[in-house]
Structure formats: C-alpha cells, structure tokens
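Residue numbering for the sequence shown is 1 to 1077, as defined by full-length UniProt numbering. To start, the structure itself, in structure tokens.
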Amino acid sequence: MRLSDEDLKAQVGSVQWGHGQRAFHQGRVSSCEWDGDAVAGRIRADGLAYRAVLAAHDGRLRSQCACLLEGDCQHTVALFLRARETAIAQEQRLQVNVQHWREELDLLLGGSGASGDSLALYIEVRAPGEEIWLTPMRPGQTRRWVTKRASWTDLTSTQWASVTDGLNPTHVAAFRDGYRMSRRGRQWFSPGEVSLSSIGEEAFSWLRRLQSMGVTLLCDTHEWQEIVLEHKGPSSFYSLKRTTEGITLRPQLRPAPPSHAVGFHDPDTGLFIMEGGCRLRSQDSNAEACLEELPILNIPHSDEAEFWAYHLESLKARYDVEVDSDAAVEAPRVCLNVATSSKEKIHVTWGLTYVTPQGPTTVPLDPDFLREGVIDPRVPPLLEHVRRSICASDTEQLLNMSTEKVAQHTRAWEPLALPAWRAPELLDMSDSLSEHPHIVWQIAPEIAELVVSDTPLELAIDLQATRDNDWFDLQATLSVGNEKVPFERVLRAVAAGEEYLHVNGTWVRIESERIEELRDLLAQAALIHPTSTGKARLQPWHVSLWESICGLSHHATASQQWTERIQSLPGRGSIDPLPLAGIDAHLLRSYQRAGHEWLTGLMRSNMGGILADDMGLGKTLQILAAIASYKQHQLTLSTTHSTTPSTQPETTPYSNAGKDARTLPILVVAPTSVVGIWEAESRRWFPHLKIETVTTTQKKALHALTHIREKADIVVTSYAVARLDASLWAEHPWGGLIIDEAQMVKNPRTAAHKALADLTTPWCIAVTGTPIENSLTDIWAISRLTCPGLLPRWTDFNEGMRRPIEQERSTRHLQRFHSLVSPFILRRTKEDVAADLPERSDFLLEIPLTVEHRRLYERHLTRERAHVLGILRHGRANRMEVLAAMTRLRQLALDPALVDREHADISSAKTDFLVEQLEQIVPGGHQVLVFSQFTSYLARIARALAGAGISFVQLDGTTRHRQAIINTFREGKASVFLISLKAGGTGLTLTEADYVYVMDPWWNPAAEEQAIDRAHRIGQDKKVTVYRLVAQSTIEHKVIALQERKRALVDAVMSEESFGQNQLKVEDIRALFDSVW
C-alpha cells in the first residue's frame, strides 16, 4: 500500500500531522520493527513511551496507540515517517536490483493511494469579470461525473457523514481545505457556493495539489475536457530518447515563446485564464525550480512495451513529451500466448508486442486500461482488426469472440482457460493465422505434446440376478482400455460441456448425447425400484428399458436367468404363439387374431397387460379366444407332465397352487350389466368352455364358491360381488384374472381395486377401451394390477413421470413413459384395423334456448358465478359445492324443470328438437339411442315421447329385468332406447340402432365414446349418425373444450405425441363461471 503525505494528513488531520512531523524530526521514535505487513514501535513523549501499531486495511492505514486518542495521532504519524525512512534505507543497503521508474512515474502523475472513488472539480469560466464558480463532482452511474451528493455542503458537513462514504478520504480532505480557504476572506457567498476568487492567491497551489493527488480538473462537462495548469515563462517538457539499455525520459525547459496568449487576468488569484478556462497560468515564474523536482525516468528494454502501451498517454496528458525519431516504435502486434496451467487446462492470454532495436518486448493486454481508454491510441483499431480476422477464420467460438461481443469488445480480451483437449484446435488456428501481419504466437512446447484421441469411452452394461429372482441389478461401467472411469466423473464432464476426458495422459472422446441418454435411463430405472445402495434394478417387465440401455452400450451382458425370462415374453421368438382352439380362424378378423397371439403370449409368460382396443372392436371375443387356447395348452401341459417328466418344464402359474394348478379356472370381473354378456358370448363362440357366473354374495348364493370353481373353466362375477366378498375370493388361487371395463378400478384407493390386488393369480389382463379417462394415474392404477413393478411407487411416479408429462409437457418424459408401458398395452383404433366398419357421421348441434328459458338461465348463472368465484377467491375450494353449482347449471341448460318443478311449464329446447327429429326418423324404420347423464331428464323425455306416440324403452340404474328390456329394443318392438350414460354406457351391443343422440356433454369424452359405440361396433351394417346437442351460449360449451383436452392426453400416451395439460384446475373452474357466454 502506498500512502502519500496528503493521504495521511487527510486521515489524521492537520494538527496531528504537524505534531507528528515534529516528533519524527526530533528523533522521538525509539523503536520500529516490522512484523509481516504491520509495523510496531515506541514513541517518547513527556517522560512516557507510547506503543503504536500500523497496518494497511481496506485502502486505509489502520493505527493503534496507547495514548488517549488510541490512534490517528501524532505518535502514529511519527511511526509512519520512521517506517517509511527505514524501508527506503533498507532497500538502498541491500542494493536491490529493482527498477523504480514506475514509482517515480506514479509520483510524477500524482494520485492517491487511499481507497475510494475519486472526485472532480468543474471550474466554470463564463466571461471576464464574472465569478468563476467551482463545482465538486463524483462518479455517476450513467454519466462519467455528476453533482448529485457531491455539493460543497455534502463534502464539508459532518452531520451527514454517510454522504462521503465510498469517496477517497484524501480528496475529501483537500476539498474541505479549499472550502476553509474560501471562507477566510470577504468574498464568499452562500454556504453551498465557492468561487475561485474567494480562495485568493493560494488558488493555483491548491489546484496543483488537487491535480497531484488525482482529482480531475474539468473545464467542460460535455466532452469532459481537463484543465492544463502552467507557470509563466519557460515551460518544462520531457525528451524521450533511446539508450543502449532502453529509453530515457529527461525533463527539459523550453524557452517561452513570444506571448500572444488570448485570455484575461484574474486579479484576486493572480491567474491568467486562457482558452475559455481550459488553460490556467500562474504569473509566478519558477520553472527552473519545478524542473529540479521532475525525476528522470530510465525505462529498461524489458519494460518498454508496458510504457508504450499504458503510460505514455498518461504522461502526455500532464506534460509535453517529445519523442526522438530514433526512439519511436511502430504500432504493436497482438500476441497470443498459449501455455498449460495444469494437466487438464490451457491458459490463453493476450499481449501487445513492440519491436525495438534491442528486440521485441511484450506486455500482457490489460482490459482495464482498454476500458478506461488510457492506452496507446493505435491499440484499439489494431484489436478490432485482429478480432475481425479471427471471426473470419471460424475460430471465434474457441476464443470467445462471437459477434455478440462487439458492443462490449473489451471482454473478448480477457484471459481464457480452455480444456487441454482443445489444443489441436489452437494449433490449427495458429497455422491458419501464422501469416497474419498483426498477430504473434507464443506457444509452449508442451501444447504440441498433448494427446487427443477420437476413440470414445467404452460403455459396458451388466445385469445380474439378485437373491430375489424377480429383480436384477443393473451396473454401468465406462473404461478406456483396462482403465475404468467413474460414471460420476463422466457426468460432471458432460454437465460442464466437456467433449473429452483426461484418462492416463490421453484425452478420450465423450459421446455426450449417449451419456446423457444413459443417465436418464439409469435414473428412470432407479426411480422404478429405489434401493438403499442407489443401484438400479429391473424386472422382466422392463425389457424395453433394458433394450434401450443396451442400444447405448458398446458391450452388454446379462445373467442366464434374465435371458431365459425375457425370451419367454411374447414376440421374443422363443415361444411359438398358441393356435386357436374351438373356433375357426376365419371367424376372427386379422387384428383379432393378432390380439389373440399377444394375449396368449402374455398368459404363457405369466405376465399381464392391457387390451385397450377401441370400443366395438370385439375385445370380449379376443379374450375368450385367448382363454380357450390357453386352457387347451394348460390341459396339454398337464397331461404331458404327468406322463413324461420334462427337464425344463414351462413356468407354472405360481409355485403354491398345488398339483392342479394348470386346471384352475380363469376369473373374469366385470360390471354387473356385462356379466350376462360374457356368459352369452362364451356359450355362443366357445360352447366347450364351462362358464359360471356369480351375481350374488355368498350369503345369498345357491352354491358355494368352492363348488363353482371345481366345475368351471371360467368364473364371471361383478365388481360389487368381488368387493363385498373380497376375503372369500382371495382365499382361492386362480388360473388367471380378466378385469373387464378396467377403468372401473382406476382409483387405487377403492375397495374394489384392493380386492383385485389381493387375488392370487399368475397373470392379469385388463380390458378397457379407455385406459386413460382423466390422467396418467389411470394407467398407473391399472398397471399395479396387471404389471406390478412396471411403474414406480405412487410418490415417485407422481413426481418423476406424471407431473413432468402433464404439467411441464415434457416430451422426453412422455417418450420414456411410452417405452415402458407400450410392450404391455395393445391398442387398435377403428381407423387402424376396422376399415370395413360402416361410416360414422358426427354432428355437434347448438340448440338455442327459448327467450324465457334464456332469461331463467342467465339469472341462475349470475348467482352461481358469484357464489363459486367467492369460494375460489377466499381459498375455500369446497369440491362438492363447486360441482353442485356446475351440475345445477348443466341441468338448467337441459330443462328448467330439473332445477325447480315450478318451471315445468317452460319448455326444453333440446326436448322439443329431439321429438321433432324422431317424428321424421322413426317412420323410416330407423332405431335410435338417446343418452343422458340425468335419469330425471330421461323421464321428461319419456313423457314427451309418450305424448308424441313414439314407442320407447328406458334403461337406468333403477331398471330391473335389464335383458328383457334390451331384447325388446333389439327385436324392433321399440323405436327409441332411452339410456342412462352410466347404466348403459358399457357392455351393451345395440347394432340395431343407426342414430345416436347425446343430449348433454359429459366431462369425460371416453364415457360418451363408449356410449356411442353401443351402436357403432362390429356387427353394425348401417351408417351410424351421431348428434351431440349443446345448449347455445351455456356452460356446455366449456364442457366441450375440456373434452378436447382429455382426448389429447389419451392420444399422446398411446401414440407418444406431445399434448397439453388435461386436469380440471382452479383456472378451468374460474373460466366456466367467469366468462361471458
């Protein structure tokens, strides 16, 4: 730290400074010892000796003393002067070969060693005879200098000390000295004003003092032009000449030219004001004395580049400098210095090389000097020329010189630390720019010795069995030759953007995309089955994940157990598909035969899956055909096993089923309305299969479950019975489990789901046309039954899969999810496999409400909107209240009488439209299905149809003798079938109908599709026309919009495409009520 006398005087004050000087010169400092960067000593005073300590801290001199002042006292001043004298003497005694030209130049140019922002002084000269005002300024944020918080009051008042925080204390003290001088005479004005004349004859020496300590004197606040101070008579200048050792700058006097200066004389200060105040001349002629004070600067050849680049212009700003022609140098060249800073890093620095008669000399390029503009004026255009040349050579990215940095080009010249594997690029760059006239290369020899190989890291994957044979440990290793590389190290390199890794003295290539994809796959595997060791584990369910990992590896090995398990999976080629049994192949369509092969493959492998074909494609027939083939195969195995022992028997359904495991019945669980259909379809297509139905609990049953199982190949029961007698069903092992309309158990918290999960069965097949109705949670819940272990636990699944897909719309997570579940989901749409189905036409009809109906709806809408938005606004989101409000509005859009019987006389526009349509359709021999979610509305429609003389039957949750009612319609005895969406939306085949009316839209589009497919399915031979009725400008419009979002979810998961969010959020609810219809 270098502190001038002015710095110390500003810190301790003039009084203590004077006493301290006197104590030093009187020899009162009895001891002075250095201890690192601190100095301690004793100072005698009045018979006592005070111990003082000095140390540099944050740009200031921190002092401690045993006197009453405790520091910043005369004793610390005396110790400082003694320490400085000792240091200089010691330096001279040791004859240290150090060039002092920099220190001498610093003293010559002035400045302060104290920390803090510098100040400036604006000297405003207007016209002769007018006051010359002095205005302090401090650095600004947008302008170089500003007056804010820099007034004379700010700098001199001690009341607001915080104003001067951060300013150079030496500058502040000097300004306070000038302020005091201005108050000694008669010429002063308000407390916030100081004029040059008020300082008087000491003005010139005070200004010289400010300038020497680094205060900027300004005569202009636009161009920031600085003031030149000079003496009358001969002027001093520096003569720069070359010597054998370097260059020398010697001060000389230039005779005063004939005085033709234009200006005016200020009598109060004795100054001659010239050039509008930009040049101030003292009338005292003491140039010779000043010349003696100027040092001679001897700059060695090794330091020339530094002087030419960074110091000459600063010297010229204060003194005239005449450069001898023999000493002048040409413009520098840009030097690129390339060296290794460690075995893994290359350090690239920029420099400026000047060529002198003694040879080239180089100085590092300092961006700070470049930013401040205090630099050889030939350098900025040179750098810009070099920058453009580098950009033109396609190497700007290597040296961080993209065109984006033009506006802040100084940042482009900062030192760079590059990974050592980029050495070949740097060498190629040096070759391409070797002939550039303004670039010099300095490349360390070790750069060319770096070995960079394009041979990639080898990735090996190994899968080994654990004690639990259902799980296999997955291990990934990376290596170069025989050297193994920790996977974490490679991941860190990839995260840092590295393309190569240093292994045993060689840089080997990292295939970043391969490594990142592997990391994601391993993370997915770890998510599926978290372990305390952090190892990833797989089950045969995860064969697609294993194959994806193998595709990324160079070497993959797996245990024999794993190979045997996955070879038994369907489509792996080791097990032939089972032939059809008990049915001719021509009775099944090609896609149904493919479904049969897929299903029997899963059954033979003791694995489950989801048959998710569109409604109406004959899923029941496919399942029955697969069961028939599987039962025949099991019977064959049982016979063969009893006569000829096999060395490698096919896997039995489960180990604890007993000797009759292969003859156990298959359990089918279905909705109550569909149980009869399973029985009818089985007897129709596979009469040889013994099928039994259980439609009541055991308390009401005629036969015990044990008795039924003994004589059946297939047992069919309902969800309700399975739930009520859950413990009874769980007591018995089953040969397999079929879950029909599996969307009924999409909630894993229900008793029905738990009852099915508790069953003992080797495999489970779910059957549903809508595997996803609302969220990915649906598939997760169903997969827990069919493929336990395929997907992670709920918490991990929710955070690691569902949220990224549904809320963040992550295509990558969607692809990962699809690859996991796709081997175990078979889905064919009608467009894909049933092109011979008759055409289906869909129409969305907007039905305007009558005037009276509209008025009533708007009145209720206003009331419900205020109620629901109030709930949402106060955070009291009661689900039942919100749903009740929406239900009331939906009912009101259908028929006012559904909300209040007093409105029974107000006609329903939808009912009137339907009756008018049926009066035209029915006489033509057509049959019609009419669906609604509200049985009360179906009753209103029934009364209207009866009044119009149109025959109909009705099916809802209260209907008894379901099959008789269905037969009445199918036999043509009724033209219209009124059906509750929940009671008759699944399990029915009503291909006699060719017109379908959906009277009110439901939130879940899958439920509507299921209802429509009662008519548009295999067996239909007529064109089917579907009308969806929507009450114009009502809440039903919003329901349609939400339906589209849920369709997008199903399409995305089934086809691995992107999609938007689908959940019914608070924002959706708000939109339902807050929009103007």
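Just so it is clear, CB atoms sit at the ideal spot from N, CA and C, and this is done for glycine as well.
- Note on the region 299-357: whole beta strand (DSSP E) runs with a minimum of 3 residues are 320-323, 333-342, 345-356, in chain order.
- Thr786 counts as buried, since no fewer than 16 other beta carbons sit within 10 angstroms of its beta carbon.
- Residue range 133-139 is occupied by the beta strand (DSSP E) that includes Met137.
- If you check the CB distance, Trp224 and Arg144 come in under 9 Å.
- Put simply, the backbone Cα of Leu521 is about 13 Å away from that of Met801.
- For Trp562, the CB contacts under 6 Å within the same chain, skipping 5 residues up- and downstream, are Leu463, Phe472 in chain order.
- The DSSP assignment places 543-552, 560-567, 590-604 as complete runs of the alpha helix (DSSP H) inside the region 520-608, in order along the chain (cut-off: 4 residues).
- Between Ser432 and Cys391, the alpha-carbon positions lie close to 12 Å from each other.
- By the Cβ criterion, the region 1022-1030 is in contact with the region 833-847, since at least three pairs of Cβ atoms, one from each stretch, lie closer than 8 Å.
- In this structure the region 505-514 touches the region 447-467; the number of beta carbon pairs closer than 8 Å is three or more.
- Within the same chain, Ala476, Thr477, Leu478, Ser479, Ser553, His554, His555, Ala556, Thr557 come within 8 Å of Ala460 by CB-CB distance, once the 5 residues on both sides are set aside.
- Counted as a single uninterrupted DSSP element, the alpha helix (DSSP H) harbouring Lys830 occupies residues 830-833.
- Per the Cβ contact rule, the region 748-765 is in contact with the region 729-737 (3 or more Cβ pairs under 8 Å).
- Counted as a single uninterrupted DSSP element, the beta strand (DSSP E) harbouring Ser718 occupies residues 714-718.
- 9 Å or more divides the Cβ of Glu858 from the Cβ of Arg888.
- Counting only residues of its own chain and dropping the five nearest sequence neighbours on each side, Pro579 has a CB closer than 8 Å to the CB of Ser629.
- Between the alpha carbons of Arg209 and Glu6 lies a distance of about 9 Å.
- A contact between stretches requires three or more CB pairs, one per stretch, nearer than 8 Å, and the region 1007-1026 fails this requirement with the region 935-953.
- With fewer than 16 other Cβ atoms from the protein chains shown falling within 10 Å of its own Cβ, Glu372 counts as exposed.
- In the pairwise beta carbon analysis, the region 308-322 is classified as not touching the region 157-170: fewer than three pairs are separated by under 8 Å.
- Sorting Arg723, Val172, Ile43, Thr1034 by C-alpha distance to the C-alpha of Cys65 places Ile43 at the top.
- Out of Ile906, Asp266, His171, Leu955, the CA that lies nearest to the CA of Leu929 is found in Leu955.
- Comparing C-alpha distances from Glu414 to each of Val125, Thr349, Glu446 shows the shortest one belongs to Thr349.
- The C-beta distance from Ile627 to Ile708 rounds to 17 Å, too long to meet the 8 Å contact threshold.
- DSSP places Asp473 inside the beta strand (DSSP E), whose first and last residues are 472-480.
- As a beta-bridge residue in DSSP terms, Ala55 pairs with Arg62.
- Fewer than three beta-carbon pairs drawn from the region 966-975 and the region 740-759 are found closer than 8 Å, and the two stretches are therefore not classed as touching.
- Residue environment for Ala897: buried (at least 16 other C-beta atoms within 10 angstroms of its C-beta).
- In terms of Cα proximity to Val922, the closest of Ala993, Ser205, Leu988 is Ala993.
- The C-beta separation of Ile1035 from Arg890 comes to about 6 Å, placing the pair in contact by the 8 Å criterion.
- A distance below 6 Å between beta-carbons, with the five flanking residues on each side excluded, links Val39 to the following residues of its chain, in chain order: Leu54, Ala83.
- Annotation for Arg962: the continuous alpha helix (DSSP H) segment containing it runs 962-970.
- Cβ-Cβ separation between Thr153 and Gly192: approximately 5 Å, consistent with a contact (criterion under 8 Å).
- If you draw a straight line from the Cα of Ala752 to the Cα of Ala722, it comes to about 7 Å.
- Shortest Cα-Cα distance from Gly185 to any of Leu776, Thr269, Asp905, Ser430 involves Thr269.
- About 15 Å separates the Cβ atoms of Glu330 and Val363, ruling out a contact at the 8 Å cut-off.
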